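Enquirer:
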Amino acid sequence: MEDRIKEIVQKELAKLGAPDVSFAVEWPADLSHGDYAVNAAMAASKALGKNPREIAEALVPAIAEGLGEDASSVEIAGPGFINITLSERAVSARLNDAREESWGRNLDQDAKRVMVEYTDPNPFKEMHIGHLMSNVVGESVARLNEYSGANVMRANFQGDVGPHVAKALWALHEKGITDPESAKEIGDAYTHGSQAYDNSPKAKLEIDIINTAIYEGENAELMELWRKGRDVSLSAFEDLYRILGTKFEYYFFESETAAEGTRIVREHVGTVFTESDGAIIYEGEKKGLHTLVFITSRGTPTYEAKDIGLAFAKEEVWPSDVSIILTAAEQIGHFKVMLAALEDIAPALAHKTIHVPHGFLRLTTGKMSSREGNVIPAATLIHDVVVNTLTRNEDPLVAGQVALGAIKYSILKQSAGSDIVFDFDKSLSLEGDSGPYLQYALVRARSIVEKSELAAGATSEVPANPYVLQRLITRFPEVIRKAQTLRAPHVVAQYLTQLAGEWNSFYANERIIGEPDEAYKLGIANAFIRTMENGLWVLGIPAPERM
RNA sequence: GCCCCUGUAGUGAAAUGGAUAUCACAACAGUCUUCGGAACUGUCGUUCCAGGUUCGAAUCCUGGCGGGGGCACCA
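So for the first sequence, our numbering puts the first residue at 249; every next one is plus one.
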């Protein structure tokens, strides 16, 4: 439809003597302005030396004629917009597609191989709500890619070696714990070790030694504790992934990429990297960036070297066309330098890697830091919200779905780049602009459809003009496309909220069952259900049967 | 000091350079002979400051003020 309008206007502008003017066919924010708006008259005003409304008047008849019965009105508005409203016939025709399960999907990235890395929690620390943010955004970005036909693999990169591990192990050893039992016990040990590292020179020395020893892996007793602690952490993570609805195909560990990363970096000393004070560094200044250490003077690889190793490891297990990495925005600088270095080593690898930063969840009480021990563990948050939703749902399964919907929506409703200030009491509303609002609208619509006793294939009265709800539903495929290209799940979340609101109004104002137009309205309800189901799937929000 | 991000009703957010800047929460006032009230309808209230570009600026440019992040051996 957009292309059709564009073609007609283009042709008409050429006749008027302005063939090169670029203009847009856009959606008016307000549906009362119509389904499409064309700004060609304003855009051509200068070239033609006429005022916009005059040009618009010349364009309107051609558009009206070209669209024929598909348009119910073509009008000039405001400074010179041409507003086009579709007819019932055109809207219903487009809504037919919503009967298909594939409604909203496209093939923009057909068969492309896309690896998405996200969540990235670190064993020996508890998974906190920051990782939750990465997981929720990452899962949705993965699904958006799947919705455009891509072949998607989910990857998770976890830091099972490094100073944080040494700190945790040091503290466990200090407390005489040889068989850690829970992720919390280990997380607490990390916090304790971390504080000791900052406050006690003796502890610092011991932890540094442990850190190096872990990389070497020759101290049997130490490695035994390392293995046990790692297993406990990882299995706690798996419990959370199950709850969150994420399934990773590939797990990468720093203990695996460290050696390869170190080897690659050392191989390129003198060409890409340089030595300085015993450390191996990349001088980012040559590309307008800053210098970072890749291998420390003690010989241990930093995060940057491990990430170089990771890029190669990914390529080895599953060569991709695009490699997306989601992390908190604070890592933007590190990725720039790491990718600059990688570009010097393996340009193709660097060029297909896209770093997608997301903001972090901040507490009203200040920045969260597991070093300080003032974090909210992901498990605690989920638990607390479930307790809250249980007051309204007897069925624990439903309570879980609603709780997850509330949490995920609160993260996905805003653009992923900026921080979310997390107020424990306010952020997880179950009403209004919230996950449960979407779920509830869906549940009610399903309930109506179930209740209807109309025979399949029944027909009924057709209104002269389509409902706003129908017109909104037809936008779904374009909304998905926009979200895909921007890698922005919030576009979908915002749309679904508008859609649910429109459904709720429809539901409140229009009786459905037993009316002469029952079949027609049930068609709308079904289109709404399909759209909401598919939209929620893209967000990774569960769709309860009842609530 | 240098680099990056950011500033929108009381609060949290949205807005490919477009129309009267949306949405939710809060506050206030309403709706029900309920196809499920986690709902619906209405009222109130917003673009940090100063210039500039443009037919048109929350959006782009310059300067200022405020907030956040990063800047060699953490991840």
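Cβ coordinates follow ideal geometry from the N, Cα and C atoms, glycine included. Since the model is a prediction, treat every value here as computed from it, not as a measurement.
What number of angstroms, rounded off, separates the C-alpha of residue 784 from the C-alpha of residue 625?
Expert: For residue 784 and residue 625, the distance between alpha carbons rounds to 25 Å.
Enquirer: The beta strand (DSSP E) that contains residue 602, what's its start and end?
Expert: That run of the beta strand (DSSP E) goes 601-606.
Enquirer: With the cut-off set at 7 Å, would you say residue 776 and residue 703 are in Cβ contact?
Expert: For residue 776 and residue 703, no; Cβs fall outside 7 Å.
Enquirer: Between which two residues does the alpha helix (DSSP H) holding residue 290 run?
Expert: That run of the alpha helix (DSSP H) goes 288-296.
Enquirer: Going by Cα to Cα distance, which pick from 747, 728, 749, 512 is closest to residue 739?
Expert: The shortest Cα separation from residue 739 among 747, 728, 749, 512 belongs to 728.
Enquirer: According to DSSP, simplified to helix, strand and coil, what is residue 375?
Expert: Residue 375 falls in the coil class under three-state DSSP.
Enquirer: Does the Cβ-Cβ distance between residue 403 and residue 365 come in under 7 Å?
Expert: Contact flag set, yes.
Enquirer: Would the beta-carbon of residue 629 fall within 7 Å of that of residue 377?
Expert: Yes, the pair counts as a contact, with Cβ atoms nearer than the cut-off.
Enquirer: Closer than 6 Å by C-beta to residue 338: which residues in its own chain qualify, once you throw out the five before and the five after it? Chain order, please.
Expert: Counting only Cβ-Cβ distances below 6 Å, and skipping sequence neighbours, we find 318.
Enquirer: Can you give, in chain order, each stretch of the beta strand (DSSP E) that sits fully within the stretch 305-375 and has at least 3 residues?
Expert: Those beta strand (DSSP E) runs which fall completely within the stretch 305-375 and span 3+ residues are 319-325, 329-334, 361-365.
Enquirer: Suppose contacts are defined by Cβ-Cβ distances below 7 Å. Is residue 283 in contact with residue 334 by that definition?
Expert: Yes, the Cβ-Cβ distance between residue 283 and residue 334 is below 7 Å.
Enquirer: Starting from residue 795, follow its DSSP beta bridges and name the residues at the other end.
Expert: Note: residue 795 sits in no beta bridge, so no partner.
Enquirer: Rounded to the nearest angstrom, what separates residue 400 and residue 458 at their Cα positions?
Expert: Those two C-alpha atoms are separated by around 38 Å.
Enquirer: Taking its Cβ as the centre, do 16 or more other Cβ atoms sit within 10 Å of residue 606, making it buried, or is it exposed?
Expert: Looking at its Cβ environment, which holds 16 or more other Cβ atoms inside 10 Å, residue 606 is buried.
Enquirer: On a Cα-Cα basis, can you pick out the residue from 281, 526, 645 that is closest to residue 321?
Expert: Closest option to residue 321, Cα to Cα, is 281.
Enquirer: Pairs of beta-carbons, one from the stretch 681-692 and one from the stretch 744-751, closer than 8 Å: are there three or more?
Expert: The stretch 681-692, when compared against the stretch 744-751, does touch it at the 8 Å Cβ threshold.
Enquirer: For the putative contact between residue 799 and residue 506, defined by C-beta atoms under 8 Å, what is the C-beta separation to the nearest angstrom?
Expert: Examination of residue 799 is not possible in this model, given that the chain is present from 249 through 795 alone.
Enquirer: Tell me, to the nearest whole angstrom, how far the beta carbon of residue 539 is from that of residue 531; I am working on the premise that it is less than 8 Å.
Expert: With a Cβ gap of about 5 Å, residue 539 and residue 531 count as contacting.
Enquirer: Would residue 639 be called buried (16 or more neighbouring beta carbons within 10 Å of its own) or exposed?
Expert: Label assigned to residue 639: exposed.
Enquirer: Could you give the C-beta distance for residue 767 and residue 707, rounded to a whole number, given that I count them as a contact under 8 Å?
Expert: Indeed they touch by this definition, with Cβ atoms about 5 Å apart.
Enquirer: Give me the residue from 292, 654, 733 with the minimum Cα distance to residue 356.
Expert: Comparing Cα positions, the closest option is 733.
Enquirer: Roughly how many angstroms lie between the CA atoms of residue 345 and residue 726, to the nearest whole one?
Expert: Between residue 345 and residue 726, the C-alpha separation is close to 13 Å.
Enquirer: Is the Cβ-Cβ distance between residue 371 and residue 482 less than 7 Å?
Expert: Taking 7 Å as the Cβ cut-off, residue 371 and residue 482 qualify as a contacting pair.
Enquirer: Identify whether residue 658 lies in helix, strand or coil by the three-state DSSP scheme.
Expert: Helix at residue 658.
Enquirer: How long is the line joining the alpha carbons of residue 514 and residue 724, rounded to whole angstroms?
Expert: Cα-Cα distance, rounded: 51 Å.
Enquirer: Is residue 330 near residue 286, with beta carbons less than 7 Å apart?
Expert: Yes; because the gap between Cβ atoms is below 7 Å, this pair is in contact.
Enquirer: If you count every other CB in all the chains shown that lies within 10 Å of the CB of residue 716, and 16 or more means buried, which is it?
Expert: Residue 716 is exposed by the Cβ-count criterion.
Enquirer: State the start and end residues of the unbroken beta strand (DSSP E) segment that holds residue 515.
Expert: Where residue 515 is concerned, there is no enclosing beta strand (DSSP E), although the alpha helix (DSSP H) it sits in stretches over 502-515.
Enquirer: Is residue 556 closer than 7 Å to residue 512 when the C-beta atoms are compared?
Expert: Result yes, Cβ atoms of residue 512 and residue 556 sit closer than 7 Å.
Enquirer: Hey, how far is the Cα of residue 653 from the Cα of residue 406?
Expert: Rounded to whole angstroms, residue 653 to residue 406 spans 26 Å at the Cα level.
Enquirer: Suppose you measure from the CA of residue 351 to the CA of residue 413; what does that come to, to the nearest Å?
Expert: If I take the Cα positions, the gap works out to 47 Å.
Enquirer: Who are the Cβ neighbours of residue 545 in its own chain at under 8 Å, not counting the five residues just before and after it?
Expert: Cβ neighbours of residue 545 beyond the five flanking positions: 525, 526, 527.
Enquirer: In this structure, what does DSSP give as the bridge partners for residue 406?
Expert: According to DSSP, residue 406 bridges with 501.
Enquirer: Count the other CB atoms within 10 Å of the CB of residue 564; is the residue buried (16 or more) or exposed (fewer)?
Expert: With fewer than 16 other Cβ atoms within 10 Å, it is exposed.
Enquirer: Keeping to the same chain, check which residues put their C-beta closer than 7 Å to that of residue 310; ignore five residues upstream and five downstream.
Expert: Answer for residue 310: 256, 260, listed in chain order.
Enquirer: Would you list, in sequence order, the uninterrupted beta strand (DSSP E) runs of no fewer than 3 residues that lie entirely inside the stretch 259-289?
Expert: Complete beta strand (DSSP E) runs here, min 3: 284-286.
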